[in-house]
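**Q** The sequence shown runs contiguously to residue 321 in full-length UniProt numbering.
Beta carbons: idealized from backbone N, C-alpha and C, even for Gly.
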Amino acid sequence: MRVTVTGAAGQIGYALLFRIASGAMLGADTRVDLRLLELPAAARAAEGIAMELQDCAFPTLGTVDVFDDAVPAFDGAEIALLVGSRPRGPGMERRDLLEANGGIFAPQGRALNAGAAADVRVLVVGNPANTNALIAAAHAPDIPAERFTAMTRLDHNRAVAQLAAHESVPVHQVSGVAIWGNHSATQYPDLTHTRVDGRPLGLDRGWYADEFIPTVAKRGAAIIEARGSSSAASAASAAIDHVRDWVAGTPGGEWTSAALPSDGSYGVPEGVVSSFPVRSVAGEWRIVPGLEIDAFSRERIDASVAELVEERNAVRELGLL
Ligand code: NDP
């Protein structure tokens, strides 16, 4: 399969590429041809990574090519991992950030539209990921919008791990966790449908509201504070999980979380790229239907979705949609 990765010479790129090449994303029987896209200033660094990939002699790795132009980079792409984005600089307002990223994701959407496989799967990791996915999809009219997704799997994995630690159980015994809304501090990690070892979780509401939700939402900042740089290996691992489940299916009726263009489910306005509980069936994400949403959840989902609607309005005003 032909896999394009943008921002290939960045931190996440460095943690991601070797796992893709080793077969962790698409399995031991799938040969992967990697196409690395970087800004011209970082293309040389990407060449160095291509040399290291070659030196690993992974049996699953076919070709590795480096590009500084999106059009050839996305030619024939079956999977596109859009990791490179413009980080928020000092004094930068949200509008500036959205505009700068529009300058990256609109042309990448056009390049995908021009040359990617008709059934390409796109995962946006670069922030603001949900709205960057919306922009890219808007510039790729020939590709169904649902092929554009954004990553909330790291938030999901963090929520699963925090709960497992709190309940003193292994992570595989936790099911039914969901992330709703934006990949931002407003995200809502929902434990109201969670089961532990097959039994409904007796939810300690105080711990849930005062410790669990803020810990998951602020985990990225805690890692920066401890490590001195942002989480990269865990973000890369979550990207692998997202694409693997999208291609191979979520196991055993389980669900996970991913940001997709809304079909109007759960009161999320149609088209907004929001995180939902999802299953992957027959190679497609499907929003888990019919979950009961209590008043506590409703308030938090609505707050995060309101932020996404504001971002959509801002990029509309900038002429990016
Ligand atoms: P990283 O590889 O650390 O991060 C890349 C993007 O992923 C950022 O937008 C970052 O958001 C986001 N991200 C999402 N989830 C997480 C998470 N849990 N932890 C950390 N980051 C997360 O950035 P680098 O600066 O190391 O590398 C970016 C690379 O992208 C550079 O090499 C640059 O040249 C390249 N680039 C390429 C472009 C292209 O190919 N056209 C365009 C723009 C940049 P956040 O900033 O919020 O942490």
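Have a look at VAL120, LEU36 and LEU201 and flag the residue whose alpha-carbon is nearest the alpha-carbon of SER168.
**A** Translated into the one-based positions of the sequence shown, residue 168 becomes position 168. Among VAL120, LEU36 and LEU201, the Cα nearest to that of SER168 belongs to LEU201.
**Q** Can you name the residues that DSSP bridges to LEU260?
**A** Here residue 260 corresponds to residue number 260 of the sequence shown, with the count starting at 1. DSSP, once it has assigned bridges, lists SER274 as partnering LEU260.
**Q** Would the stretch 60-76 count as touching the stretch 27-36 if we require 3 or more Cβ pairs under 8 Å?
**A** Result yes; three or more Cβ-Cβ pairs closer than 8 Å.
**Q** Since I believe LEU134 is in contact with VAL83 (beta carbons under 8 Å), could you give me their beta-carbon distance rounded to a whole number of angstroms?
**A** Stepping through the sequence shown from its first residue, residue 83 is reached at position 83. Stepping through the sequence shown from its first residue, residue 134 is reached at position 134. Not a contact, Cβ separation roughly 17 Å.
**Q** I'd like to confirm something about MET92: is its beta-carbon nearer than 8 Å to some heavy atom of the ligand NDP, or not?
**A** Your numbering for residue 92 matches position 92 in the sequence shown. No, the ligand NDP has no heavy atom inside 8 Å of this Cβ.
**Q** Nearest CA to the CA of ARG2: which residue from GLY91, LEU112 and VAL305?
**A** Sequence index remark: in the sequence shown, residue 2 carries index 2 (1-based). Considering only alpha carbons, the answer is LEU112.
**Q** Whose C-beta lies closer than 6 Å to the C-beta of GLY271 among residues of the same chain, with five residues either side of it excluded?
**A** For the purposes of this step, residue 271 is taken as the residue at position 271 of the sequence shown. So the list reads PRO261, once near-sequence residues are dropped.
**Q** Could I get the ranges of all uninterrupted alpha helix (DSSP H) runs contained in the UniProt domain "Lactate/malate dehydrogenase N-terminal" (1-144), with 4 residues as the minimum, in chain order?
**A** With a minimum length of 4 residues, the continuous alpha helix (DSSP H) runs that stay inside the UniProt domain "Lactate/malate dehydrogenase N-terminal" (1-144) are 11-21, 43-55, 70-73, 94-115 and 129-138.
**Q** According to the neighbour-count rule (16 or more other Cβ atoms, all chains shown, within 10 Å of its Cβ), is TRP180 buried or exposed?
**A** Taking the sequence shown and counting its residues from 1, one reaches residue 180 at position 180. Buried: at least 16 other Cβ atoms inside 10 Å.
**Q** Any idea if SER229 is buried or exposed, counting beta-carbon neighbours within 10 angstroms, 16 or more meaning buried?
**A** Taking the first residue of the sequence shown as 1, we reach residue 229 at position 229. It counts as exposed.
**Q** Alpha carbon to alpha carbon, what distance is there between LEU320 and ASP204?
**A** What you label residue 204 is simply residue 204 of the sequence shown in a count that begins at 1. What you label residue 320 is simply residue 320 of the sequence shown in a count that begins at 1. Distance between the alpha carbons of ASP204 and LEU320 is about 44 Å.
**Q** Does the beta-carbon of ILE104, which I'm using as the reference point, lie nearer than 8 Å to any heavy atom of the ligand NDP?
**A** On the sequence shown, residue 104 is found 104 positions in, with the first residue counted as 1. Yes; taking the cut-off as 8 Å, the Cβ of ILE104 has a heavy atom of the ligand NDP nearer than that.
**Q** CA-CA distance, VAL177 and ALA136?
**A** In the sequence shown, counting from the first residue as 1, residue 177 sits at position 177. In the sequence shown, counting from the first residue as 1, residue 136 sits at position 136. Answer to the nearest angstrom: the Cα atoms are 28 Å apart.
**Q** To the nearest angstrom, how far is the alpha carbon of LEU318 from that of LEU308?
**A** Sequence index remark: in the sequence shown, residue 318 carries index 318 (1-based). Sequence index remark: in the sequence shown, residue 308 carries index 308 (1-based). So the alpha carbons of these two residues sit roughly 15 Å apart.
**Q** State the Cα-Cα distance for the pair PRO289 and SER265, rounded to the nearest angstrom.
**A** Here residue 289 is taken as the residue at index 289 of the sequence shown, counted from 1. Here residue 265 is taken as the residue at index 265 of the sequence shown, counted from 1. C-alpha separation (whole angstroms): 8 Å.
**Q** Count the other CB atoms within 10 Å of the CB of MET25; is the residue buried (16 or more) or exposed (fewer)?
**A** As a working note, residue 25 is residue 25 in the sequence shown. Buried, because 16 or more other Cβ atoms sit within 10 Å of the Cβ of MET25.
**Q** If I measure Cβ to Cβ from SER297 and keep anything under 8 Å in the same chain, skipping five residues before and after, which residues do I get?
**A** Your numbering for residue 297 matches position 297 in the sequence shown. Closer than 8 Å at Cβ, skipping near neighbours: TRP180, TYR188, ASP190 and THR192.
**Q** State the Cα-Cα distance for the pair GLY249 and ILE79, rounded to the nearest angstrom.
**A** By 1-based counting over the sequence shown, the position of residue 249 is 249. By 1-based counting over the sequence shown, the position of residue 79 is 79. Taking the straight line from one Cα to the other gives about 15 Å.
**Q** Can you have a look at THR63 and say buried or exposed, based on whether 16 or more other CB atoms are within 10 angstroms of its CB?
**A** On the sequence shown, residue 63 is found 63 positions in, with the first residue counted as 1. Classification of THR63: exposed, given that the 10 Å Cβ count is below 16.
**Q** Using a 10 Å radius around the Cβ and a threshold of 16 neighbouring Cβ atoms, would you call PRO170 buried or exposed?
**A** The sequence position of residue 170 within the sequence shown is 170, counting from 1. Exposed, by the Cβ-count rule.
**Q** Are the CB atoms of LEU154 and ALA46 nearer to each other than 9 Å?
**A** Indexing the sequence shown from 1 puts residue 154 at position 154. Indexing the sequence shown from 1 puts residue 46 at position 46. Not in contact: LEU154 and ALA46 (Cβ atoms no closer than 9 Å).
**Q** Just checking, does the stretch 209-228 make contact with the stretch 115-132 on the three C-beta pairs under 8 Å criterion?
**A** They do not touch, by the three-pair rule.
**Q** Name the DSSP bridge partner or partners of ILE301?
**A** To locate residue 301, count along the sequence shown from 1; it is residue 301. Per DSSP, none; premise fails for ILE301.
**Q** Comparing the CB of ALA50 with every heavy atom of the ligand NDP, is any distance shorter than 8 Å?
**A** Walking along the sequence shown from the start, residue 50 turns up at place 50. Outside the cutoff, so no.
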